[in-house]
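For the sequence shown, this note's numbering gives the first residue as 5, with consecutive numbering after it.
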Amino acid sequence: MRVYAIGDVHGYRAELERAHALIAADRARVGDAGAPVVHIGDLCDRGPDTRGVIDFLLAGLAVGETWITLMGNHDRMFAWFLEQPPRHDPHLIVGWSWLHENLGGLQTLASYGVEVGPRERLKAVHARASVAVPEEHKRFVQSLPYAWETDAHVFVHAGIRPGVPLAEQDEEDLVWIRQEFHDDIRDHGKLVIHGHTPVEAVTHYGNRVNIDVGAGYGRPLVPVVIEGRDVWALTEAGRVAVEPV
Numbered sequence: 005m006r007v008y009a010i011g012d013v014h015g016y017r018a019e020l021e022r023a024h025a026l027i028a029a030d031r032a033r034v035g036d037a038g039a040p041v042v043h044i045g046d047l048c049d050r051g052p053d054t055r056g057v058i059d060f061l062l063a064g065l066a067v068g069e070t071w072i073t074l075m076g077n078h079d080r081m082f083a084w085f086l087e088q089p090p091r092h093d094p095h096l097i098v099g100w101s102w103l104h105e106n107l108g109g110l111q112t113l114a115s116y117g118v119e120v121g122p123r124e125r126l127k128a129v130h131a132r133a134s135v136a137v138p139e140e141h142k143r144f145v146q147s148l149p150y151a152w153e154t155d156a157h158v159f160v161h162a163g164i165r166p167g168v169p170l171a172e173q174d175e176e177d178l179v180w181i182r183q184e185f186h187d188d189i190r191d192h193g194k195l196v197i198h199g200h201t202p203v204e205a206v207t208h209y210g211n212r213v214n215i216d217v218g219a220g221y222g223r224p225l226v227p228v229v230i231e232g233r234d235v236w237a238l239t240e241a242g243r244v245a246v247e248p249v
């Protein structure tokens, strides 16, 4: 089965559109217009146009694109902020919230026209965001699935808890896990495709593939195509094989 995947977007619509153009070109070369495209999560935060990213995805789904979009930790923080009352992610550092300058929630709200003033109360910001964010966007972000799988692959934002069946995974791990997953070299039964932790280039570790190449820090998105356990990065020049390290 051929599957395309796009890593953490972080509010950069132009990069998302470029990634989809590269996928469209590869689909045309191989004659497979129906292969699914999995967005690995973290649509929002840090970049300037979270609203545009979600508009783009919703427009594609509306015309029947075979796109899957997963929940990332930043998407979950956004979704939880939109709840009434807003919910805080306990995984965050003490003293931090989604609106901390290091997390990017401020940029996400700004894309909806909500600017946060100095010493402003959370209640007031939440009230304005609740009006500014379209209901369709709220429903979309709040209903994102945490994982998607084929017979050969598991797609998830951060990773999985090694040794735990997918159906029994904790959602916290699926959007936040790092070292316990990264350090485990056992085969997980299926190849795990994930993002969450930026790397310099798409990296195939044999049992997992990290496709977060740092778009949240201004680097270009690099979409991939996966066939079995073979992975290629998609570039303007075509496919580039990603060999296991």
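Think of the CB as a built atom: it goes at the ideal place given N, C-alpha and C, for glycine as much as any other residue.
Is residue i helix, strand or coil by DSSP?
i: Gly220; result: helix
i: Val246; result: coil
i: Asp234; result: strand
i: Ala37; result: coil
i: His186; result: helix
i: Leu96; result: coil
i: Arg91; result: coil
i: Ile181; result: coil
i: His24; result: helix
i: Leu62; result: helix
i: Val268; result: With the chain represented from 5 up to 249, any question about residue 268 goes unanswered, as that position is not in the structure.
Leaving out the 5 sequence neighbours to the left and right, which residues in its chain are closer than 8 Å to residue i when beta-carbon positions are compared?
i: Pro40; result: Val7, Tyr8, Thr70, Trp71, Ile72
i: Thr239; result: Leu26, Val226
Measure the alpha-carbon distance for residue i versus residue j and round it to whole angstroms.
i: Asp191; j: Ala156; result: 12 Å
i: Asp93; j: Gly109; result: 13 Å
i: Ala18; j: Gln146; result: 24 Å
i: Ile44; j: Arg182; result: 15 Å
i: Tyr209; j: Val67; result: 36 Å
i: Glu251; j: Pro52; result: Missing from the structure shown is residue 251; the chain here goes from 5 to 249 and no further.
i: Ala162; j: Ala131; result: 31 Å
i: Ala245; j: Leu61; result: 27 Å
i: Pro166; j: Glu184; result: 8 Å
i: Val197; j: Ile97; result: Going by the sequence as given, residue 197 is Ile instead of Val. So the two alpha carbons sit approximately 27 Å from each other.
i: Ala83; j: Pro90; result: 9 Å
i: Asp12; j: Leu195; result: 18 Å
i: Gln88; j: Ala133; result: 11 Å
i: Gly193; j: Leu47; result: 28 Å
i: Trp102; j: Glu21; result: 26 Å
i: Thr154; j: Thr201; result: 23 Å
i: Thr112; j: Gly15; result: 7 Å
i: His78; j: Leu107; result: 8 Å
i: Ala23; j: Ile10; result: 7 Å
i: Leu126; j: Val120; result: 9 Å
i: Leu148; j: Arg33; result: 31 Å
i: Glu172; j: Asn214; result: 22 Å
Please name the residue or residues paired with residue i in a DSSP beta bridge.
i: Asn77; result: BP columns for Asn77 are empty, so no partner.
i: Thr70; result: None, per the DSSP bridge assignment.
i: Ala9; result: Val42, Val228
i: His213; result: It should be pointed out that residue 213 corresponds to Val in this sequence rather than to His. In the DSSP output, where bridge partners are listed per residue, Val213 has Ile197, His208.
i: Thr239; result: Gly242
Counting only the same chain and skipping the five closest in sequence on each side, list residues whose C-beta sits under 6 Å from that of residue i.
i: Tyr150; result: Met75, Glu175, Leu178
i: Arg233; result: Leu195
i: Lys142; result: Leu86
Using a Cβ-Cβ cutoff of less than 7 Å, which residues in the same chain neighbour residue i once the five nearest sequence positions on both sides are dropped?
i: Ile189; result: Asn211
i: Gly38; result: Thr70
i: Trp251; result: Residue coverage of the chain in this structure runs from 5 to 249, which leaves residue 251 outside it and unanswerable.
i: Arg50; result: His14, Gly15, Gly108, Gln111, Gly220
Quiz item: What are the start and end residues of each continuous alpha helix (DSSP H) run of 4 or more residues lying completely inside the stretch 98 to 169, in chain order?
Solution: Those alpha helix (DSSP H) runs which fall completely within the stretch 98 to 169 and span 4+ residues are 109 to 115, 126 to 136, 139 to 146.
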